[in-house]
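Participant: Under mature numbering (1 follows the signal peptide of the UniProt record, and there is no 0), read the sequence shown as residues -19 to -1, 1 to 661, first letter to last.
Where is the CB? At the ideal position from N, CA and C, for every residue including glycine.
Values in this document were obtained by computation on a predicted structure and should not be read as measured data.
Pasting a structure below so you can have a look.
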Amino acid sequence: MKRIAAILLLLLVSVSTFSQVKNHATWTFEVPKKEVKVGEVIEIKFNAIIDEGWDLYSSEFPAEDPIKTTFEYKKNGTFELVGKVKPIGFHNKEDEFFGTVSIAEGKASFVQKIRILKENPVIEGVIDGQTCTVKDGQCVLLKSDFKFPSIKVTAASTAEASKTDVVAPTAEPQVTENVQPTTTPKADTTQAEATASAENTISDVPVSEPEESLWSFLLACFLGGLASIFMPCIYPIMPMTVSYFTKQEHGTGKALVYGLSIVAIFTLLGFLVSRVGGAQAANFISTHWAPNAIFFVVFILFGLSFLGLFEIVLPNSFVNSVDKQADKGGLIGIFFMALTLVVVSFSCTAPIAGSLLILASKGNEVMRPVLGMIFFSLPFAVVFTGLAMFPKFLKSLPKSGGWLNEFKVVFGLLEFALALKFLSNIDLAYQWQVLDREVFLAIWIVLFSIIGFYVLGKLRMDKDSPVKGITIPRLLISSATFAFVVYMIPGMFGAPLRALSGWLPPEQTQDFYLTNAVGGGTSAPALTASGRRKPHLPHGLEGYFDYEQALAEAKAQGKPVFIDFTGFNCANCRKMEANVWPQPEVLERLKKNFVIASLYVDDKTELPKEKQFVSTYDQREKTTIGDKNADLQITKFNNNAQPFYCLVTPEGELLTKPVGYTSAEEFTRFLDEGLTKYKK
């Protein structure tokens, strides 16, 4: 009854006093920082002078019924909000009708962080709220226009504009294909609620952290390059390098040229990708069919060359026109070998390099990203310079000529196996369902079996010498090869093969499981209406493949959201899913404590025309589900590497520092920390 009486009293008083058109609060608007850059985050301040004997309600307090102070901004693309508005000078009070409220007398302020997006920003809108008398509780509605004074913009800062803590991109309803949930939302959760939730989503990623020192940044670049050495697309270049340098004279000098070329090309390519193509260029290189098809063909050609079908050489006319010196053609060939390494390796190192370049780019600063890419490429230069010198060591061994020819044949067969990864990337990104997991494994089993029999001397090429006996090296190599084949065979029937999780297509592409044949186990993958395979989570986990839908469900369940930024072609994502997620302490937490949003950044499913949008980050149109998810990761979390895991509230606020590829222990701590902060 008290609540009803309070509402009636409020309506009567509001009507009776409306003709007075008095807000009982006078507003002034202040911008403490007079000169800013595009992309910079600043504070704006709403100052209220409250009439004597009147209270002004705050923007947040536990009670529901009194009208809180709100600020509605006119959207014009010149600025965006960062975080929530913060009231200053308010205190709590127990109201007879409403309960606990927060009010201020005399004067109060509200502070809001914004990011400047364009020059000459226009910040204006309407303030809504309520003021009440101190003695008898008479209240009037407050409505006042606001417009902040002009802000002088001195220069644009690309890197700062890329930093986040911004309102999330416009929410898109779930696309019919490829984003369907694996569990049904509650009946009272509507798409409108999902959209409203997402439109009010604000990230709390810190924006004013101290600038990272140059040396710590360079160390991070070096470690990033060292970690990239173990990415799957690096391995095909290794046998190619060794085989190529078996033909080179003056091996040490040319190996050093090779290493220096790697550093120079990596630095130039990485810098150009960052400055010209932007962060999304990394995603294009790693997932688009064109570069992956080129890489596949290149490795097949090199494999055939290693087998002796033909020789890959530069045309004599070209070499002669470039330089008439006898060995100059060799140097040009070495440069192109380095170029091949850099371009191909970028298919899986670009997200790491791209993230480092995003952090390095600060306005017109040039040296920081250049130095960063030099340090990033150093581990590649060291490793591949060593591989280039390796043939010189082999040639110094007695009677090594015949053995080196067999070495090239083995490497040629390895090139075929490793090239398959690039074809798989295309198949996964476009969901062609041609190179499924068991097909991939069958080809590998055949190729590695051939390698094993060849090393034993049971299979020979035309130019090979007969094998008179099995030496210890041959026995060891063939035994290891056949052991690998035996390890792969159970994968044909559904075994997880965790050691190969970064190489193989994900388990959901498997069409046959042995358990199905005996009446149980995992069913065949579900398909969309157009025949594309639906993504789904491993290990029986349930979740969503659309960010807004996950937020709505988290709100309905009262749980935090676990965001998994992943990709069909992400090797380390598969390793995490195969080795970390199934750990009991991790799997139990993911199942019970979180709503999962698995967001694929390389999903080529096209968004409906009305759902396509232009990114505030790079001003480019986003047309696919993958584009949308990648843009969300960049604009909201300032990162474009995968895997990337974030814990957020149902309103989209970050709970703890995100993590990437990590151990089960660290991942468990990450989940626990986020859950603890959510429950506070």
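#1: Quick check on the DSSP output: the beta strand (DSSP E) that includes Asp109 runs from which residue to which?
#2: Closer than 6 Å by C-beta to Ala531: which residues in its own chain qualify, once you throw out the five before and the five after it? Chain order, please.
#3: Does the stretch 52 to 63 come close enough to the stretch 93 to 104 to have 3 or more Cβ pairs within less than 8 Å?
#4: With the cut-off set at 8 Å, would you say Phe403 and Phe277 are in Cβ contact?
#5: Going by C-alpha distance, which of Asp36, Leu249, Cys113, Asp608 is nearest Leu588?
#6: How is Gly524 classed by DSSP in three states: helix, strand or coil?
#7: For Thr51 and Tyr528, what's the separation of their Cα atoms in angstroms?
#8: Which residue or residues does DSSP assign as beta-bridge partners of Val134?
#9: Helix, strand or coil: which one does DSSP assign to Cys551?
#10: Grab the span of the alpha helix (DSSP H) containing Leu288 for me, first residue to last.
#11: Who are the near neighbours of Ile544 in its chain, counting only those whose CB is closer than 6 Å to its CB and skipping five residues on each side?
#12: Please classify Lys590 as buried or exposed, where buried requires at least 16 other C-beta atoms within 10 Å of its C-beta.
#13: DSSP three-state call for Val415: helix, strand or coil?
#14: Does Glu33 pass the burial test, meaning 16 or more other C-beta atoms within 10 Å, or should it be called exposed?
#15: Quick one, are the C-beta atoms of Met442 and Val391 less than 8 Å apart?
#16: According to the neighbour-count rule (16 or more other Cβ atoms, all chains shown, within 10 Å of its Cβ), is Ala410 buried or exposed?
#17: Can you tell me whether DSSP reads Gly205 as helix, strand or coil?
#18: Quick check on the DSSP output: the beta strand (DSSP E) that includes Leu62 runs from which residue to which?
#19: Indicate the three-state DSSP secondary structure (helix, strand or coil) for Gly633 in the structure shown.
#20: Let me know the secondary structure DSSP gives Tyr659 once reduced to three states.
#21: Which of helix, strand or coil does DSSP assign to Ala179?
#22: Let's see if you can read the secondary structure: which residues bound the alpha helix (DSSP H) around Leu568?
#23: If we count the other Cβ atoms within 10 Å of its Cβ and call it buried at 16 or more, is Asn273 buried or exposed?
#24: Return the residue from the list Lys444, Gly450, Val567, Leu428 that minimises the CA-CA distance to Gly438.
#25: Are there three or more Cβ pairs, one per stretch, closer than 8 Å when the stretch 639 to 651 is compared with the stretch 558 to 566?
#26: Are the beta-carbon atoms belonging to Phe357 and Cys202 less than 8 Å from one another?
#27: Please look up how many angstroms separate the CB atoms of Tyr239 and Ala369, rounded, as I've assumed it's under 8 Å.
#28: So what does Leu580 bridge to, in DSSP terms?
#29: Just grab the DSSP bridge partners of Arg441 for me.
#30: Quick check on this structure: which residue in Val82, Ala85, Val92 has the alpha carbon closest to the alpha carbon of Lys67?
#31: Taking Cβ positions, are Asn619 and Phe546 nearer each other than 8 Å?
#32: Have a look at Glu396 and Ile275 and give me their C-alpha separation to the nearest angstrom.
#33: Under a three-way DSSP split, which group does Ala476 fall into?
#34: Taking Ser83 and Ser39 to be in contact with their CB atoms under 8 Å, please state how far apart those CB atoms are, rounded to whole angstroms.
#35: Restricting to Cα atoms, I'd like to know which of Thr321, Ala622, Gly433 is closest to Val640.
#36: Does the distance from the CB of Phe198 to the CB of Phe361 come in under 8 Å?
Facilitator: To lay it out plainly:
#1: 105 to 114
#2: Tyr525, Val542, Val576, Ala578
#3: Short answer: they touch.
#4: yes
#5: Closest option to Leu588, Cα to Cα, is Asp608.
#6: strand
#7: 26 Å
#8: Val17
#9: coil
#10: Leu288 -> no alpha helix (DSSP H), and no H or E assigned at all.
#11: Only Ala578, Cys627 meet the Cβ criterion.
#12: Taking a 10 Å sphere around the C-beta of Lys590, we find fewer than 16 other C-beta atoms and assign the residue as exposed.
#13: coil
#14: exposed
#15: no
#16: buried
#17: helix
#18: 60 to 69
#19: coil
#20: helix
#21: Annotation note: pLDDT 35 at Ala179 (below 50); position unreliable, coordinate value reported separately. Correct three-state label for Ala179: helix.
#22: Going by DSSP, Leu568 is part of the alpha helix (DSSP H) stretching over 565 to 574.
#23: buried
#24: Gly450
#25: Between the stretch 639 to 651 and the stretch 558 to 566 there are three or more C-beta pairs closer than 8 Å, enough to call the two in contact.
#26: yes
#27: With a contact defined as Cβ atoms closer than 8 Å, Tyr239 and Ala369 qualify at about 5 Å.
#28: Leu580 pairs with Phe546.
#29: For Arg441, which the question treats as bridged, DSSP gives no partner whatsoever.
#30: The shortest Cα separation from Lys67 among Val82, Ala85, Val92 belongs to Val92.
#31: no
#32: 14 Å
#33: coil
#34: 4 Å
#35: Ala622
#36: Between Phe198 and Phe361, the CB-CB gap reaches or exceeds 8 Å.
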